[in-house]
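In our numbering, the protein residues as written are 61 to 206. Just so it is clear, CB atoms sit at the ideal spot from N, CA and C, and this is done for glycine as well.
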């Protein structure tokens, strides 16, 4: 198992050579994306947080590179809680920096809340359906670029 977490931009640049090196050695690995840990920032208010769009972009890059390389994504690790916390920015709830103080409960690293985790999960599911030639479950055209 190899867990990849390096941000979207670096994934597009550095991930293909890593995949090629593994292929060259004839190894079979399970590729896992950890898009949350590589996208931690500290905002002006002092809170350590993560931006949903950066996480989404890293996931998109992970799947894009696998599509380009003809390899298969093996899994996704999300740092999350089912609680309604405000520790990560963005998502459909549009959590902003001001909202962080409302329900910032982590004792260590910021976590996606349940809504944000579900949103990412549905985006991944739609991406996988499309890659298999299946009809999308969501009617929303907004996520066509995922």
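Contact between the stretch 156–165 and the stretch 128–138 (3+ Cβ pairs under 8 Å)
no
In terms of alpha-carbon separation, which member of 168, 188 and 68 lies closest to residue 115?
Translated into positions along the chain shown, residue 115 becomes position 55. Nearest C-alpha to residue 115: 68.
DSSP three-state assignment for residue 84, whether helix, strand or coil:
Locating residue 84 in the chain shown gives position 24, counting from the first residue. In this structure, residue 84 counts as helix in the three-state DSSP scheme.
Pull the bridge partners of residue 140 from the DSSP assignment, please.
As a first step, residue 140 is located in the chain shown; it is residue number 80 there, counting from the start. Residue 140 is bridged to 172.
Three or more C-beta pairs under 8 Å: does that hold for the stretch 84–102 against the stretch 119–134?
yes
Give the C-beta separation of residue 75 and residue 89 to the nearest angstrom, bearing in mind that I take them to be a contact with Cβ-Cβ under 8 Å.
What you label residue 75 is simply residue 15 of the chain shown in a count that begins at 1. What you label residue 89 is simply residue 29 of the chain shown in a count that begins at 1. Actually they do not touch by this definition, with Cβ atoms about 13 Å apart.
Is residue 159 helix, strand or coil when you go by DSSP?
Numbered from 1 along the chain shown, position 99 holds the residue referred to as residue 159. Looking at residue 159 - three-state DSSP - the assignment turns out to be helix.
CB contact flag (residue 174, residue 111, <7 Å)
Working through the chain shown from its first residue, we reach residue 174 at position 114. Working through the chain shown from its first residue, we reach residue 111 at position 51. Contact flag unset, no.
Please check if any C-beta of chain C sits within less than 7 Å of the C-beta of residue 196.
Checking the listed chains, one finds no chain C in this structure; it contains a single protein chain.
How big is the Cα-Cα spacing for residue 77 and residue 118?
The sequence position of residue 77 within the chain shown is 17, counting from 1. The sequence position of residue 118 within the chain shown is 58, counting from 1. Near 17 Å, if we compare the C-alpha coordinates of residue 118 and residue 77.
Once you ignore the five residues that flank residue 129 on each side, which residues in its own chain have a CB closer than 7 Å to its CB?
As a first step, residue 129 must be located in the chain shown, where it is residue number 69. Same-chain partners within the cutoff: 76 and 79.
Give me the DSSP bridge partner(s) of residue 67.
Within the chain shown, the letter at position 7 stands for residue 67. Residue 67 is not bridged to any residue.
Ordered list of beta strand (DSSP E) runs contained in the stretch 85–119, each at least 3 residues
91–93, 100–102 and 108–111
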